[in-house]
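Residue numbers (mature numbering (1 follows the signal peptide of the UniProt record, and there is no 0)): -24 to -1, 1 to 208.
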C-alpha cells in the first residue's frame, strides 16, 4: 500500500513533465490571407452551372504538432469566406451578375512534411477538413422576380437542410455541414514566418432537400487560398 502511495505522486510528476515537453514542442500561430472560392454545381437535368471564383477573407489559428523528424500534424480553426459569382441565371434563374458571399467556420487537419531547404523549410501537406456554414450575403445587379414577388438586388444567405423554408430576400446556399480535402504547398522562413498556398476540394453534396423531396443535382465547394502565417 505504501509502495502504491509513492508511485502515484511519481506518476503525476512524469505525466506533468511529459505534458510540458509536448507543449514546448507544439508551436501555435496565426494565419491570414485571401481565398478564391467557387462551386461545382450540377443541375437535375445533368447540365453544369457556369460560375466564377470570388475572393474572400481567410483568417484563423494554427498549431504545428511534431510527430517525428520532419513530420507534423497541423490542426487549424479558420474563418473562411467562400461563395461564387454568376453572370446570368443566379438566384433560381432571375439574377444578373449574381454574387454570393458565404461565411464558414472550418477545421482542417493537415499532415505536413517540412524538410530543410535553404534558410528555412519546405511545407508539403494534405489532409481533411470539416466546415459549417453560418450565414453571408448576396447581391445582384438586377431585381429578383419570383412569381409575383419582387425582391431588391441584395439579401442574406442561409444554410438549411430543408430548402423549402426561407424568407423572400434570403438565398439558401445549401446544407450547413461541409467536408472535403486540402492540399498545401508553402515555405517556412527561419522557423517563424510562413507562406502557404492551399487547394480545397469539397466532397459533401450541399443540395438541400425540399420537404420530402431530394433533388438529383449536386453542389460542392472548391477553391484555393494564399495565406501568410506567423508562429510563436
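Even glycine gets a Cβ: it sits at the ideal position worked out from N, Cα and C.
query, result
"Start and end residues, alpha helix (DSSP H) containing residue 103", "Careful: residue 103 lies outside any alpha helix (DSSP H), inside the beta strand (DSSP E) at 96 to 115."
"Under 9 Å between C-beta atoms of residue 106 and residue 119", "no"
"Where residue 69 sits in the DSSP three-state scheme", "helix"
"Euclidean distance between Cα positions of residue 16 and residue 102", "21 Å"
"Where residue 53 falls, given that 16 or more other Cβ within 10 Å makes a residue buried", "exposed"
"Start-to-end residues for the beta strand (DSSP E) that takes in residue 119", "Here residue 119 belongs to no beta strand (DSSP E), and DSSP marks it neither H nor E."
"Beta-carbon spacing of residue 34, residue 159 below 9 Å", "no"
"Buried/exposed call for residue 24, threshold 16 Cβ in 10 Å", "exposed"
"Assigned exposure category for residue 125 - 16 Cβ within 10 Å defines buried", "exposed"
"Close Cβ partners of residue -1 (< 8 Å) along its chain, the five nearest in sequence each way excluded", "For residue -1, the pLDDT reaches just 48, beneath the cut-off of 50, and the residue's location in the model is therefore unreliable, although a value from the coordinates is still provided. Nothing listed; no residue qualifies."
"Within 9 Å, strictly: CB atoms of residue 154 and residue 180", "yes"
"Backbone secondary structure at residue 190 - three-state DSSP", "coil"
"Pairwise C-alpha distance: residue 80 and residue 13", "12 Å"
"Same chain, Cβ closer than 8 Å to residue 129, neighbours up to 5 away in sequence not counted", "71, 115, 116, 117, 118, 119, 120"
"DSSP bridge partner residues for residue 24 (one or two, in chain order)", "18"
"Counterpart residues of residue 137 in DSSP-defined beta bridges", "Paired residues: none, contrary to the question."
"Element boundaries [beta strand (DSSP E), containing residue 40]", "30 to 44"
"Bounding residues of the beta strand (DSSP E) (the contiguous stretch that carries residue 160)", "153 to 165"
"Burial state of residue 92 (16 or more Cβ within 10 Å)", "exposed"
"Cα-Cα separation between residue 143 and residue 185, rounded to whole angstroms", "17 Å"
"Buried or exposed (CB count within 10 angstroms, at least 16 for buried), residue 206", "exposed"
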